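Q: So the sequence lines, in the order shown, correspond to chains P and B. In this text, residue positions in the first sequence follow this note's numbering: the first is 1, and each later residue adds one. In this text, residue positions in the second sequence follow this note's numbering: the first is 313, and each later residue adds one. Starting off with a structure, shown below.
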Amino acid sequence: MTSIWRRAVLSEYFILYLSVAWFAALTPITPGFATAENLGNIFSSMLPLLVVAIGQTVVLITGGIDLSVTSTIALASTVGALLTTRKEGAGPALAAIAVMLGIGIAIGAVNGLAIHSLRMPPFIVTLATMMFFSGFAIWLTASRNIHELPQAFTRIGRGLDGGIALTLIVAVAVHVILTRSILGRWLYAIGRNVRTALVSGVLVSRTTIAAYTISGVCAAVASILYTGRLETGSPVLGQRILLDVIGATVIGGASLFGGRGKVLWTVFGVLFMTLVDNSLNLLGLSNFAVLMAKGFVILGAALLDTARRRYV
Amino acid sequence: MERRSFLITTGAAVLTGCSQAPSKPTVGVAFETLQTEYWVASRDAIKSELDKRGAQMIEAIADGDANRQFEQVRNFIARKVDGIIIVPKDAHTVIPMIRAANNANVPMVLFNRPPAKSDTKSVSVVADNFTIARETVKYLAEQAVKSKKRHKAAILIGDLGDINAIGRRDGFDEALKQYGEAFQVVARIPTEWNQEKALAGLTNALQANPDISFIFTSSDLLLPSIVSALKSAGKYKKTGEPGHVFVAGFDGDATAWRLLREGYIDAVGVQDVYFDTEATVKAVFDMKAGKQVPETILDKGFVIHRDNMETESRRMWGANVAKG
């Protein structure tokens, strides 16, 4: 028994086991928690958050951080909505999706270039781009939401099919990059020690730009899902999810100091965060109690994770 | 260690009252935010109304995030609530939420903010912003014209994407139209419901027009900005004192009540929170019972001023908040 317990705690699936334990513990006292409908809700709530968190994982592996994901989501949402509003058919929807992905690539590349060329801390660079592009999205729409989007566009975010397909593509692609490509090895090498990586012939510049570009693309994909789900393009879309994104990624096991992180771990982190959010919501506690309980649970999970790593 | 963590969290959840009698009707209440007095007072009044009907309230606050609100509404539906009361983030993002409630056959009532036009079905309980603002400004104008001089007026406008802000602005314009040349509107200050923007805008307006003597704010939330700007301009005077600026607010919060009693403002258009919450909860139960409920229920509100404040303060939610 002790051996099984020890193996579970030291396993890389620890957060998954914690999620299962949370689910089992809360099911008897949480009305509607273990129903098929609610499990569907949990799954669909996970998808956009997971996509952004996967991008953040890549950046964290290099020892960086991307605070601009929220502004990428907002700007892509407003531009995509402006291009498709009151236009039916697949053509405008596909064009808008391409432009939204282009926005993600552009913002990511700007971040990567600025961080490498100007040798500025990622925190400051992405904070600046977050403020700039958030302001730009608000200016572009004069603070208004854009609505009347075509079904061809909203269907991707509304139904589970489109969301699952996009999330799977992102997750598999990033997993393959991290585990089967030279770029993946370079990302980890930069995160462990950038000087050693440079001396070893790693193309630090291109690898950094690639990491932030991947994060930008992931944010743009999440924007497609969020915008479709709400049937509205909003200049403040995603403004409040940054802490959830970073929290889920770090709880999953990615290190804020670089060199550690996996797509699968991030899946577990997002699953845990979504489960906690969903169950506390269903419990019927007051909002203040929910916030305190959530903070307490996340801190507890992080402490457990830190403690177990001493023995890994 | 892990087991202890679970015991603590689950124990805390049980102790804070998550287990309720299953027979009680349950209503999900989703607020966009609880960051102003008005929303907190409304939330408390809804809770009190639900308690009166023996119903359990489960609440969720979206902190300004429309996607989070959408997820919260879906959680309510999964929990099989008997109805949902929502203060939506905005008129458009609430449409998919109403659609989800319609598909699950769960009654949905929108509190204070109506939805945009769509094919969905819901009930909205909203203040008659136009009428309340018009009557408030009319009362203020009647007081001001007694001075027999021409007044320069300013209005602090809310977020023009918010239908409530537009109604209040139009009510202001309609009221002053009747007085012709007696009032000249020299400043229309866009605030987006933001105190800093209101302060900067009014300070600039008072610099450009130091003789502004008539101010209407579209929300009491902005009263501290007015007080600060008037103090800086040396124009913060009580009713009856030379140089008094006629000021009226909208909402009826505790600050407005205090300033009204002290004589620094002259009138407040009050949203009748007690009527709104009673009508909201009644609408949920009527819809659940299959009764016909009008699509929009209007709160006509009332104007409180120095002449009627002692009698009307019982209906003013901010006065009750101030009295504790």
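All C-beta atoms in this analysis are idealised placements derived from N, C-alpha and C, irrespective of residue type, glycine included. Quantities reported herein were computed from a predicted structural model and do not represent experimental measurements.
1. In whole angstroms, give me the CA-to-CA distance for L518(B) and K543(B).
2. Assign P427(B) to one of two classes, buried (16 or more other C-beta atoms within 10 Å of its C-beta) or exposed (fewer than that).
3. For the alpha helix (DSSP H) that contains S44(P), what are its first and last residues?
4. Use the C-beta contact count for I298(P): other C-beta atoms within 10 angstroms, 16 or more gives buried, fewer gives exposed.
5. By DSSP's criteria, F439(B) is part of a beta bridge. Which residues make up the other side?
6. Let's see if you can read the secondary structure: which residues bound the beta strand (DSSP E) around L422(B)?
7. For E88(P), which residues in chain B fall below 8 Å Cβ to Cβ?
8. Quick one: give me the first and last residue of the alpha helix (DSSP H) that Q384(B) is part of.
9. Less than 6 Å between C-beta atoms, sequence neighbours within five positions excluded: which residues of the same chain meet that for A466(B)?
10. Name the DSSP beta bridge partners of V341(B), please?
11. Going by alpha carbons, who is nearest to P502(B) out of F597(B), T529(B), A520(B) and G561(B)?
12. How would you list, in chain order, the residues of chain P whose beta-carbon sits under 9 Å from the beta-carbon of P408(B)?
13. Would you kindly work out how many angstroms separate the C-alpha atoms of L94(P) and V51(P), rounded to a whole number?
14. What's the gap between the Cα of A333(B) and the Cα of L242(P)?
15. Determine which residues share a DSSP beta bridge with H463(B) and list them.
16. Taking the alpha-carbon of F257(P) as reference, which of A90(P), L101(P), F43(P) and F123(P) has the nearest alpha-carbon?
17. Taking the alpha carbon of G470(B) as the reference point, which residue from N414(B), E508(B), T405(B) and F597(B) has its own alpha carbon closest?
18. Can you tell me the Cα-Cα spacing of A76(P) and Y350(B), whole angstroms?
19. So, does the CB of Y13(P) fall closer than 8 Å to a CB anywhere in chain B?
20. Find the nearest neighbour of G252(P) within the set D66(P), S19(P) and S3(P), judged by alpha-carbon distance.
21. Should D305(P) be labelled buried (16 or more other beta-carbon atoms within 10 Å of its own) or exposed?
22. Any beta-carbon of chain B closer than 8 Å to the one on G247(P)?
23. Can you check DSSP and say which residues form a bridge with T529(B)?
24. Leaving out the 5 sequence neighbours to the left and right, which residues in its chain are closer than 6 Å to N38(P) when beta-carbon positions are compared?
25. Give the residues of chain B in contact with R240(P), contact being defined as C-beta atoms less than 8 Å apart.
26. Compute the distance between the beta-carbons of M120(P) and L67(P), then report whether it is under 8 Å.
27. Quick one: using the 10 Å Cβ neighbour count with 16 as the cut-off for buried, is N417(B) buried or exposed?
28. Which residues, in order along the stretch 380-394 of chain B, keep a beta-carbon less than 8 Å from a beta-carbon of chain P?
29. Out of curiosity, what's the CA-to-CA distance linking V437(B) and V596(B)?
30. Could you tell me which of W186(P), L10(P), F136(P) and L118(P) sits nearest to A307(P), measuring between CA atoms?
31. Per DSSP, what kind of secondary structure is H116(P) in: helix, strand or coil?
32. V559(B) lies in the beta strand (DSSP E); which residues open and close that run?
33. According to DSSP, is H644(B) helix, strand or coil?
34. Mind checking the stretch 137-150 of chain P against chain B and listing, in chain order, the residues whose C-beta falls within less than 7 Å of any C-beta there?
35. Does the Cβ-Cβ distance between M46(P) and V290(P) come in under 8 Å?
36. Name the DSSP bridge partner or partners of P502(B)?
A: Per the coordinate set shown:
1. Counting from 1 along the second sequence, the entry for residue 518(B) is found at position 206. Counting from 1 along the second sequence, the entry for residue 543(B) is found at position 231. If you take the alpha carbons of L518(B) and K543(B), they lie about 11 Å apart.
2. The residue you call residue 427(B) lines up with position 115 of the second sequence. P427(B) should be labelled buried.
3. Counted from its first residue, the first sequence places residue 44(P) at position 44. Residues A36 to I61.
4. Taking the first residue of the first sequence as 1, we reach residue 298(P) at position 298. I298(P) is buried by the Cβ-count criterion.
5. Your numbering for residue 439(B) matches position 127 in the second sequence. According to the sequence shown, residue 439(B) is Ala rather than Phe. DSSP lists D611(B) as partners of A439(B).
6. The residue you call residue 422(B) lines up with position 110 of the second sequence. First-last of the beta strand (DSSP E) with L422(B): M420 to F423.
7. Against the first sequence, residue 88(P) aligns to sequence position 88. The premise fails here: E88(P) is roughly 16 Å from chain B at the closest Cβ pair, so nothing lies under 8 Å.
8. The residue given as residue 384(B) occupies position 72 in the second sequence. First-last of the alpha helix (DSSP H) with Q384(B): A378 to A390.
9. Counting from one through the second sequence, the residue named residue 466(B) turns up at place 154. Within the same chain, A466(B) has close Cβ partners A499, A517, I524 and I527.
10. Residue mapping note: residue 341(B) aligns to position 29 of the second sequence, counting from 1. Answer is E371(B) and I397(B), bridged to V341(B).
11. Stepping through the second sequence from its first residue, residue 502(B) is reached at position 190. Residue T529(B) is the option with its Cα nearest to P502(B).
12. Sequence index remark: in the second sequence, residue 408(B) carries index 96 (1-based). Under the 9 Å cutoff, chain P gives T154, R158, R229, L230, E231 and T232.
13. As a working mapping, residue 94(P) is identified with position 94 in the first sequence. As a working mapping, residue 51(P) is identified with position 51 in the first sequence. Roughly 19 Å separates the two Cα atoms.
14. For this step, residue 333(B) is matched to residue 21 along the second sequence. For this step, residue 242(P) is matched to residue 242 along the first sequence. Any reading at A333(B) needs caution, since the residue's pLDDT is 46, under 50, leaving its predicted position unreliable; the model's value is listed next. A333(B) and L242(P) have their C-alpha atoms roughly 38 Å apart.
15. Mapped onto the second sequence, residue 463(B) falls at position 151. DSSP, once it has assigned bridges, lists F495(B) as partnering H463(B).
16. Here residue 257(P) corresponds to residue number 257 of the first sequence, with the count starting at 1. Out of A90(P), L101(P), F43(P) and F123(P), F123(P) has the C-alpha closest to the C-alpha of F257(P).
17. Along the second sequence, read from residue 1 onward, the residue named residue 470(B) stands at position 158. Comparing Cα-Cα distances from G470(B) to each of N414(B), E508(B), T405(B) and F597(B), the minimum goes to E508(B).
18. Your numbering for residue 76(P) matches position 76 in the first sequence. Your numbering for residue 350(B) matches position 38 in the second sequence. So the two alpha carbons sit approximately 34 Å from each other.
19. In the first sequence, the residue the question calls residue 13(P) occupies position 13. Y13(P) does not count as touching chain B.
20. Numbered from its first residue, the first sequence carries residue 252(P) at position 252. Considering only alpha carbons, the answer is S19(P).
21. The sequence position of residue 305(P) within the first sequence is 305, counting from 1. Buried, because 16 or more other Cβ atoms sit within 10 Å of the Cβ of D305(P).
22. Numbered from its first residue, the first sequence carries residue 247(P) at position 247. Closer than 8 Å: no.
23. As a first step, residue 529(B) must be located in the second sequence, where it is residue number 217. Beta-bridge pairing links T529(B) to L468(B).
24. As a first step, residue 38(P) is located in the first sequence; it is residue number 38 there, counting from the start. The answer, listed in chain order, is G32.
25. As a working note, residue 240(P) is residue 240 in the first sequence. The answer, in chain order, is D375, G376, D377 and R380.
26. In the first sequence, counting from the first residue as 1, residue 120(P) sits at position 120. In the first sequence, counting from the first residue as 1, residue 67(P) sits at position 67. No, the Cβ-Cβ distance between M120(P) and L67(P) is not below 8 Å.
27. Taking the second sequence and counting its residues from 1, the one referred to as residue 417(B) is at position 105. So N417(B) counts as exposed.
28. R380, F382, E383, Q384, R386, N387, I389, A390, R391 and K392
29. Within the second sequence, numbered from 1, the residue matching residue 437(B) stands at position 125. Within the second sequence, numbered from 1, the residue matching residue 596(B) stands at position 284. Taking the straight line from one Cα to the other gives about 11 Å.
30. Your numbering for residue 307(P) matches position 307 in the first sequence. Looking at the Cα atoms, L10(P) is the closest of the given residues.
31. In the first sequence, residue 116(P) corresponds to position 116, counting from 1. Three-state DSSP puts H116(P) in a helix.
32. For the purposes of this step, residue 559(B) is identified with residue 247 of the second sequence, where counting begins at 1. F558 to D563 is the span of the beta strand (DSSP E), which, as asked, contains V559(B).
33. Any question about residue 644(B) goes unanswered here, given that chain B covers just 313 to 636.
34. For the stretch 137-150 of chain P, residues whose beta-carbon sits nearer than 7 Å to a beta-carbon of chain B comprise S143, R144, N145 and H147.
35. Along the first sequence, read from residue 1 onward, the residue named residue 46(P) stands at position 46. Along the first sequence, read from residue 1 onward, the residue named residue 290(P) stands at position 290. No; because the gap between Cβ atoms is not below 8 Å, this pair is not in contact.
36. Start at 1 with the first residue of the second sequence, and residue 502(B) comes out as number 190. Paired residues: I469(B).
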